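Chains as they are written, first to last, in this note's numbering: chain V, 87 to 212; chain D, 7 to 139.
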Amino acid sequence: MKFKYSRAHKPSAPIIKVTLLTKSGEHEIELIVDTGFSGGILIPFSLYLKLGFTLFEVPSKYYGVLPIGIQIPLHTALARIMIGDIVLKVHIHSHPLLNKQLAGREVLNKMKILLNGPAEELEIIK
Amino acid sequence: MSSVIVVRNVDRNIYRRVKSIATLKGYTMGEALTEAMKLWLLLNEINSKEYLEYLLQREKSEKKLKEVQEKYGSKFKGKYVVICDGELIKICGDEEEAYRIASKTKATQCIIAQLGRITEEEKRLELGMGIFE
Chain V
87 MKFKYSRAHK PSAPIIKVTL LTKSGEHEIE LIVDTGFSGG ILIPFSLYLK LGFTLFEVPS
147 KYYGVLPIGI QIPLHTALAR IMIGDIVLKV HIHSHPLLNK QLAGREVLNK MKILLNGPAE
207 ELEIIK
Chain D
7 MSSVIVVRNV DRNIYRRVKS IATLKGYTMG EALTEAMKLW LLLNEINSKE YLEYLLQREK
67 SEKKLKEVQE KYGSKFKGKY VVICDGELIK ICGDEEEAYR IASKTKATQC IIAQLGRITE
127 EEKRLELGMG IFE
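Below, the structure is given as structure tokens:
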């Protein structure tokens, strides 16, 4: 399974397309591959709310620690996602101040991924 | 996408300050204003009634979960509980059932937890630089 890098970023950035399995069905989103993020998936709060993740939250309180040491409380649900035919159960994090869509190490570490920079292509190796 | 938008009643002093900082940082005014408007939208979202209502319900659910763990934690150890908007909805045999029950509610917020299991209260995640780009 291969995904072309996003050219909306300069220089281009590796992305993966993930299908979130929600109560209202399947929802495909693009996530930037971010090995500096130790969580699962980060999505904007408006999307978190729209897809109903507030109904599947975990009891633990999560905090995101910025590189400058500031902590932001993260709203966190546990959900199933699909990447191609791979189904994973991962944490979905969100906060109204964080507007990025990221795939963190909780997701990335479950797969063998090749970042082919010269070809601007990410490949998930089976 | 390129477009021209005319805006009246902009404070000239603020405009000049934004323009000088944008120039220093290598941004066009369009890019700087788009970033500023995005931030304004985010700040508004934090103050929205919907978000505050969600936070209130989450707090109620956390309080209820503590009560439920104390009352039923050992009796129904290993089973799953669904708590929505501060109310105990159901004690379920497995996680799948708990998810089904939660997805059918019309609540604002639900917590799904395993009974008798001590959950780590606080977890910290590295956010990295990706959120700034």
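Every residue, glycine too, gets a C-beta built ideally from N, C-alpha and C.
Computed from a predicted structure; not experimentally measured.
Starting from V/Q187, follow its DSSP beta bridges and name the residues at the other end.
Per DSSP, V/Q187 has no beta-bridge partner at all.
In three-state DSSP terms, what is D/T29?
helix
According to the neighbour-count rule (16 or more other Cβ atoms, all chains shown, within 10 Å of its Cβ), is V/S180 buried or exposed?
buried
Thinking C-beta only, is V/I102 closer than 8 angstroms to V/L208?
yes
Determine the extent of the alpha helix (DSSP H) in which D/Q63 is found, giving its start and end residues.
55-78
Between V/S132 and D/T125, is the Cβ-Cβ spacing less than 8 angstroms?
no
With distances taken from CA atoms, which of D/L47, D/M35, D/E127 is nearest V/L184?
Ranking the options by Cα distance to V/L184, first place goes to D/L47.
Kindly list, in the order they appear in chain V, the residues whose Cβ is closer than 8 angstroms to that of D/S109.
K109, G138, L141, F142
For D/D100 and D/C116, I'd like the C-alpha separation in whole angstroms.
Cα to Cα, D/D100 sits roughly 16 angstroms from D/C116.
Between the stretch 117-132 of chain D and chain V, which residues of the former have CB atoms less than 7 angstroms from a CB of the latter, in chain order?
I117, I118, A119, T125, E126, E127, E128, K129, R130, L131, E132
Return the chain-ordered ranges of every alpha helix (DSSP H) run that is complete within the stretch 125-180 of chain V and spans a minimum of 4 residues.
131-136
Quick one, which of V/L194, V/L200, V/K186 has its alpha-carbon nearest V/V173's?
In this structure, V/L194 is the residue among V/L194, V/L200, V/K186 with its C-alpha nearest to the C-alpha of V/V173.
Can you give the Cα-Cα distance for D/V12 and V/L152, rounded to whole angstroms?
About 37 angstroms.
Straight-line gap, V/Y134 to D/R23 (C-alpha atoms, nearest Å)
36 angstroms
What does DSSP give as the partner residues of D/N50 in its beta bridges?
BP columns for D/N50 are empty, so no partner.
Which class does V/N202 belong to by DSSP, given the choice of helix, strand or coil?
In the three-state reduction of the DSSP assignment, V/N202 falls in the strand class.
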